[in-house]
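Residues 1 to 155 in full-length UniProt numbering are what the sequence shown lists, from first letter to last.
Ideal Cβ placement from N, Cα and C applies to all residues, glycine included.
Each remark here refers to the structure printed beneath this line.
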Amino acid sequence: MSDWKQNLQKFRYVMDTLLLISFMLVSAPQATGVPLHEWFSLFFIIPFVIHLLLHWDWVKRSFSRLFANITARERFNIVWDYLLYIMMLLVFVSGFLVSVALLPALNISLNIQDFWSKIHHDSATFIMPMLGVHLALNFSWIVKLTKRMFAKEAK
């Protein structure tokens, strides 16, 4: 594998690890408090977008592969990842619509509606097992890349 591909794989690995850690931090408003939860959520958008950009080749290929002759597992993985993306957007949007600390700090006032509070709570709760399934579906890639990363460091 060429050096730039190896470096890209390493960068993906590090960024995906940071994304997972930041997701766990954002997902614990009870531990951080609502103000920090909202600010961390705003900054969480950065590694989330980087993750999408780093895996954009998969995103492009996967859409066309969805209609090709592929295994049921591959099709499920593609559909699941798209659903996870949509759910993440729903969590982001609903979270900003129920902001009690972030938007007021930016002098943006919103009338918080119970509907969006429920949507945010339910979608944020549901995204946890969705992420678990996403990690499980990609576990072999994670293990393979982890072994490759640490094998090279040992040399």
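Whether residue i touches residue j by CB criterion (8 Å)
{"i": "Val91", "j": "Ala124", "result": "yes"}
{"i": "Leu84", "j": "His134", "result": "yes"}
{"i": "Ile86", "j": "Val98", "result": "no"}
{"i": "Leu52", "j": "Met15", "result": "no"}
{"i": "Leu131", "j": "Phe23", "result": "yes"}
{"i": "Leu137", "j": "Trp56", "result": "no"}
Residues of its chain near residue i, where Cβ-Cβ distance is below 7 Å and the 5 sequence neighbours each way are ignored
{"i": "Met149", "result": "Lys10, Tyr13"}
{"i": "Phe126", "result": "Met87"}
{"i": "Trp39", "result": "Leu102"}
Run of the alpha helix (DSSP H) containing residue i, from where it starts to where it stops
{"i": "residue 172", "result": "The requested residue 172 is not part of the displayed model; the chain covers only 1 to 155."}
Neighbourhood of residue i by C-beta distance below 6 Å, restricted to the same chain and skipping five residues each side
{"i": "Ile78", "result": "Ser62, Leu66"}
{"i": "Ile70", "result": "none"}
{"i": "Leu145", "result": "Tyr13"}
Same chain, Cβ closer than 8 Å to residue i, five either side skipped, listed in chain order
{"i": "Leu18", "result": "Pro47"}
{"i": "Phe76", "result": "Leu137"}
{"i": "Ile50", "result": "Met15, Leu19"}
{"i": "Pro104", "result": "none"}
{"i": "Leu8", "result": "Leu54"}
{"i": "Val34", "result": "Val100, Ala101"}
Inter-residue CB distance, residue i and residue j (contact presumed, cutoff 8 Å)
{"i": "Thr32", "j": "Leu25", "result": "7 Å"}
{"i": "Ser140", "j": "Ile119", "result": "The pair is not a contact, with the Cβ atoms about 34 Å apart (cut-off 8 Å)."}
{"i": "Met128", "j": "Ser27", "result": "7 Å"}
Q | Inside the segment 47-121 only - alpha helix (DSSP H) runs reaching at least 4 residues | A | 56-65, 72-97, 102-105
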